[in-house]
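Final position of the sequence shown in the numbering used here is 286; the numbers increase by one with none missing.
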Amino acid sequence: MTGERVAGVVLAAGLSTRMGRNKMLLRIGSRSLVRRAVETALSARLDPVLVVVGHERERVEAELHGLSCTAVHNPEYAAGMNTSLRAGVRALAEDVQGAVVLLGDMPLVDATMVRTLVDSFRREQPPLVISTYDGVVAPPILYGRALFEELRALDAEACGKSVVRRHRAEAAELRWPKEALSDLDAPEDLERVRARLEAA
């Protein structure tokens, strides 16, 4: 099972309430967080790469200039991340066999990590491949086509984690250091990760 298309779905539509400003537009070095996330997906050879946008969509889309990706507008973004996940999966073509869901605010997730998820999916053929640290599930997560209908049917109260819970016994699991799966919720998180990446 080596020829399936595995897409990337980058969630970049949220309000960033805790950060106090749009996280997708924050920069580490010369690149915004959303551009970093999309470049990671492209470097991992995900095809196609969809970017779900909502809050300040024009500014976020401007950060994607020159990248081979497609913006998907989620008009319901204020209702929560589950609406962006649903919008992204609904936009996938019929010949896509899996989709890696990435968050725009996890800059320590790199292309090697994403490729490891894809390789596990193609090798083991599970319905999903989850990333974990200390037993906690976190993005990136690869959902196989068998789960797309469940994701497309998510309602306002459900989320991708509910799909993971239902199918965790069947999932392939990849364990990573906690730091690699950290997201940026507060200014101090950004400064910590910025110092690490700019020193690399």
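All C-beta atoms in this analysis are idealised placements derived from N, C-alpha and C, irrespective of residue type, glycine included. Here the structure is a predicted model, which is why all the values come from computation and not from measurement.
Straight-line gap, residue i to residue j (C-alpha atoms, nearest Å)
| i | j | result |
| --- | --- | --- |
| L276 | I114 | 8 Å |
| T218 | M167 | 19 Å |
| S248 | A255 | 13 Å |
| R172 | L283 | 31 Å |
| N160 | L178 | 14 Å |
| G140 | V223 | 25 Å |
| Q183 | E274 | 38 Å |
| S268 | R201 | 19 Å |
| R280 | M105 | 15 Å |
| D241 | A165 | 10 Å |
| H253 | Y229 | 10 Å |
| R107 | E149 | 16 Å |
| V204 | V186 | 8 Å |
| S206 | P212 | 8 Å |
Limits of the unbroken alpha helix (DSSP H) element including residue i
| i | result |
| --- | --- |
| R176 | 167-176 |
| V195 | It is not in any alpha helix (DSSP H) - V195 carries neither H nor E in the DSSP assignment. |
Residues bridged to residue i [DSSP beta-bridge criterion]
| i | result |
| --- | --- |
| Y219 | V222 |
| V95 | L136, V187 |
| T202 | DSSP, once it has assigned bridges, lists no residue as partnering T202. |
Where residue i falls, given that 16 or more other Cβ within 10 Å makes a residue buried
| i | result |
| --- | --- |
| R143 | buried |
| A239 | exposed |
| K264 | exposed |
| M87 | Below a pLDDT of 50, predicted positions are generally treated as unreliable, and M87, at 48, falls in that range; no measurement from the model is reported. |
| S118 | buried |
| T169 | buried |
| A99 | buried |
**Message:** Check whether the stretch 88-105 and the stretch 133-147 touch, using three or more Cβ-Cβ pairs below 8 Å as the test.
**Reply:** yes
**Asked** Is it a yes or a no for the stretch 106-125 touching the stretch 185-204, going by three-plus beta-carbon pairs under 8 Å?
**Response** yes
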